[in-house]
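All the letters of the sequence shown, read from the start, carry residue numbers -14 to 349 under the working numbering.
Let me begin by presenting the structure, written as structure tokens, before commenting on it.
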Amino acid sequence: MPTILHTEASLGLGGQELRILAETRWLRDHGWGALVACQPGSGLLAEAQAAGVDAVAVRMRGAADLGALWALRRLMRAHAVSLVHTHSSTDSWLGALAARSLRLPVVRSRHVSIAIRSALVYRLADRIVTSGEVVRALVVAAGIPPQRVAAIPPGVDTARFHPTVSGTAVREELGLGAGEPLVGLVANIRGSKGHNVFLEAAREILTTAPRARFLIVGDGVGYEEVRRRVSALGLAERVTMTGFRRDVPEVMAALDVLVLPSIRSEATSQVIPQALAVGTPVVATTVGGSPELVRDGETGRLVPPADPHALAAAVLEILGDPARARAMGRAGQAAVAAGLTLDASMTRTTAVYRALLGAAATQD
């Protein structure tokens, strides 16, 4: 089978990097060759090594780093790479140029719902894979021909996220008793994710549901700022910040509601379908690709961004009607099974790979 090289220049570890890991594992488990080139000391490298994914450290200092370009080129030749799949700006320049020098096809992913200022790097790729239709529209608006852009949302690994996952251990860890609802935000901690809005909503929720508890899972540049905000708002006894965790399926199952209060940009979130897969309803904002995932009133609720009152009201609506919450959970599980699985996503992704590899073979 062909070998796919994923490249990622980011140092962080968020949904984008975790998607790369999941897809690389899927490729490996389905007979493809697959490896990741990422920054030394990056979160992606550490997680890839922990997961047994083939990963090579390549320092990428910028788009004009000729040393990195040649290192990637040597890596492609040494591992007999068949196709290169790039993810961030720096590695998309370096990876695409290295691949082009070896006449290898290139796929470029666009994960985020931020307007594109220059589409030049996208023109180096044979195909663009976006995380959803909203992001696809942004790429097309930047001047990339529509036929070269495919919207493929991230898929849920249903071997990990499924209806029988138990959240009991997480609830016990938190000391939660009966009648103490748990509302959670699972995301990289940065300004665009709306953690401050979540905390303002938590204060309002507590006036109606004083036994509610709140969980913030994730790490990131804003961790200390959010921690200080929790204290300043007097929420330290009701809000728990856990940092990065690997037991995300169990965390999702422990929640009564998952909240994703993004305020500026949001691609097609991975945590929303993960929550739905275990049967947890979701409250999300109408930002980016979230409306593509949450059916308002059926699998959760959609609210305007930066509106803690609306966020609190939607959460309280779900907490106050357990029967409806269970129905939302069942509807969410059905939605995931119908087309949001990792298998479904990777079937579409590998179809893109196969088409390009077939075209490359014809040209040779």
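A virtual CB, placed ideally from N, CA and C, is assigned to each residue, including glycine.
Keep in mind the model is a prediction, meaning the values are calculated, not measured.
Query                                                                                                                                                               : Result
Return the residue from the list GLY305, THR284 and ALA345 that minimises the CA-CA distance to ILE190.                                                             : GLY305
So if DSSP puts ALA19 in a beta bridge, which residue, or which two residues, is it bridged to?                                                                     : ILE(-11)
Taking the alpha carbon of SER247 as the reference point, which residue from LEU109, VAL288, GLU118 and GLY282 has its own alpha carbon closest?                    : VAL288
Does LEU167 come out as helix, strand or coil in the three-state DSSP assignment?                                                                                   : strand
Output the residue ranges of the beta strand (DSSP E) runs that lie fully inside the segment 223 to 247 and measure 3 residues or longer, sorted by chain position. : 224 to 228 and 242 to 245
Considering only DSSP beta bridges, list what LEU287 is partnered with.                                                                                             : ALA269
For the beta strand (DSSP E) containing ARG198, name the first residue and the last one.                                                                            : 198 to 202
Please state if the CB of LEU159 and the CB of VAL244 are separated by a distance shorter than 8 Å.                                                                 : no
Quick check: the Cα distance between GLU32 and PRO148, rounded to an integer number of angstroms?                                                                   : 26 Å
Considering only the beta carbon of each residue, do ARG95 and VAL120 sit closer than 8 Å?                                                                          : yes
Counting beta carbon pairs with one atom in the segment 106 to 125 and one in the segment 202 to 212, are three or more of them shorter than 8 Å?                   : no
Please identify the residue among LEU6, TRP78 and TRP11 whose C-alpha is closest to the C-alpha of LEU54.                                                           : TRP78
Just curious, the alpha helix (DSSP H) that VAL256 is in, first and last residue?                                                                                   : 256 to 263
Which of the three DSSP states, helix, strand or coil, is assigned to HIS70?                                                                                        : strand
Any contact of the segment 36 to 49 with the segment 7 to 22, i.e. 3+ C-beta pairs under 8 Å?                                                                       : yes
Which residue's Cα is closest to the Cα of PHE146: PRO131, ARG133, ILE257 and ARG108?                                                                               : ILE257
Assign ALA239 to one of two classes, buried (16 or more other C-beta atoms within 10 Å of its C-beta) or exposed (fewer than that).                                 : buried
If you check the beta carbons only, do HIS64 and THR153 fall under 8 Å apart?                                                                                       : no
For GLY37 versus LEU(-2), is the C-beta spacing smaller than 8 Å?                                                                                                   : no
Residues in the same chain with beta-carbon distance under 7 Å from ARG134, minus the five sequence neighbours each way, listed in chain order, please.             : Arg is not the amino acid found at residue 134; the sequence shown has Val there. For VAL134, where only same-chain residues beyond five positions count, the Cβ hits under 7 Å are ILE113, THR115, ARG121, VAL124 and VAL125.
Would DSSP call ILE113 helix, strand or coil?                                                                                                                       : strand
Under 8 Å between the Cβ atoms of ALA228 and THR265?                                                                                                                : Residue 228 is actually Gly in this sequence, not Ala. For GLY228 and THR265, no; Cβs fall outside 8 Å.
So for ASP328, helix, strand or coil by DSSP?                                                                                                                       : helix
Given this structure, state the Cα-to-Cα distance separating PRO166 from ILE201, to the nearest angstrom.                                                           : 14 Å
May I ask you to check if the CB of VAL256 is nearer than 7 Å to at least one heavy atom of the ligand FMN?                                                         : No copy of the ligand FMN occurs in the structure displayed, which carries no ligand at all.
Name the DSSP beta bridge partners of ALA136, please?                                                                                                               : THR115
Please state whether DSSP places VAL141 in a helix, a strand or coil.                                                                                               : strand
Could you spell out the range, first to last residue, of the beta strand (DSSP E) harbouring ARG93?                                                                 : 91 to 95
Tell me which same chain residues have a C-beta within less than 8 Å of the C-beta of THR225, skipping the five on either side of it?                               : LEU159, ARG198, PHE199, LEU200 and ILE201
Okay, do the segment 260 to 279 and the segment 314 to 328 touch, 3+ Cβ pairs below 8 Å being the bar?                                                              : yes
Between MET237 and the rest of its own chain, which residues show a CB-CB distance below 6 Å, the 5 nearest in sequence each way excluded?                          : GLN259, ALA260, VAL263 and THR265
Could you spell out where the alpha helix (DSSP H) holding VAL41 opens and where it closes?                                                                         : Per DSSP, VAL41 belongs to no alpha helix (DSSP H); it is in the beta strand (DSSP E), 40 to 42.
What's the C-alpha gap between GLY324 and SER330?                                                                                                                   : 8 Å
Report the rounded CA-to-CA distance for LEU6 versus SER275, giving the unit in angstroms.                                                                          : 22 Å
Between LEU170, TYR107, ARG231 and ALA299, which has its C-alpha nearest ALA385's C-alpha?                                                                          : Nothing about residue 385 can be read from this structure; the chain reaches only from -14 to 349.
Need the endpoints of the alpha helix (DSSP H) that PHE183 sits in, please.                                                                                         : 180 to 193
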